[in-house]
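**Q**
Numbering (full-length UniProt numbering), first residue to last: 1 to 138.
(1) Do you know how far the Cα of residue 62 is from the Cα of residue 75?
(2) If you reduce the DSSP assignment to three classes, tell me which class residue 94 lands in.
(3) In angstroms with no decimal places, state the Cα-to-Cα distance between residue 103 and residue 95.
(4) Three or more beta-carbon pairs under 8 Å between the stretch 40-53 and the stretch 5-19, yes or no?
(5) Taking the alpha carbon of residue 77 as the point to measure from, which residue in 129, 99, 68, 123 has its own alpha carbon closest?
(6) Rounded to a whole number of angstroms, what is the C-alpha to C-alpha distance between residue 27 and residue 4?
(7) Within 10 angstroms of its Cβ, does residue 80 collect 16 or more other Cβ (buried), or is it exposed?
(8) Would DSSP call residue 109 helix, strand or coil?
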């Protein structure tokens, strides 16, 4: 996770530096002053990358180092079980369809369809999350 944190930190620094340079150059080269949309977009992009990098750094402190975190790691160090992945779930298709429905409802601003889309998104995400949840009754 340390490698991923470094990558996002580099992207964050780049975004913030470019935002400052962009703001200064637009202020000097135009009569209108600082161009706000591009400057804010670059600042927010840098901030988002910083947020993700901070999360990866936070997680990296709490888990054991992975083979990717070692400079002298071999490919065979990463062999073995990677985790559990659902072999055949239809819920991701439902989540995608629900997100598409909600997106269309927002694009055309249909309040009744937005409500339906939110309900369908919540139901499909709940189905995906609790797909393998089994309750044991006594």
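A virtual CB, placed ideally from N, CA and C, is assigned to each residue, including glycine.
**A** Quick look at the numbers:
(1) So the alpha carbons of these two residues sit roughly 23 Å apart.
(2) Secondary structure at residue 94: helix, using DSSP grouped into helix, strand and coil.
(3) Straight-line Cα distance between these residues: approximately 12 Å.
(4) With the cut-off at 8 Å, the stretch 40-53 and the stretch 5-19 touch.
(5) Nearest of 129, 99, 68, 123 to residue 77, Cα basis: 68.
(6) Taking the straight line joining both Cα atoms gives about 35 Å.
(7) Flag for residue 80 reads exposed.
(8) Secondary structure of residue 109 (DSSP, three-state): coil.
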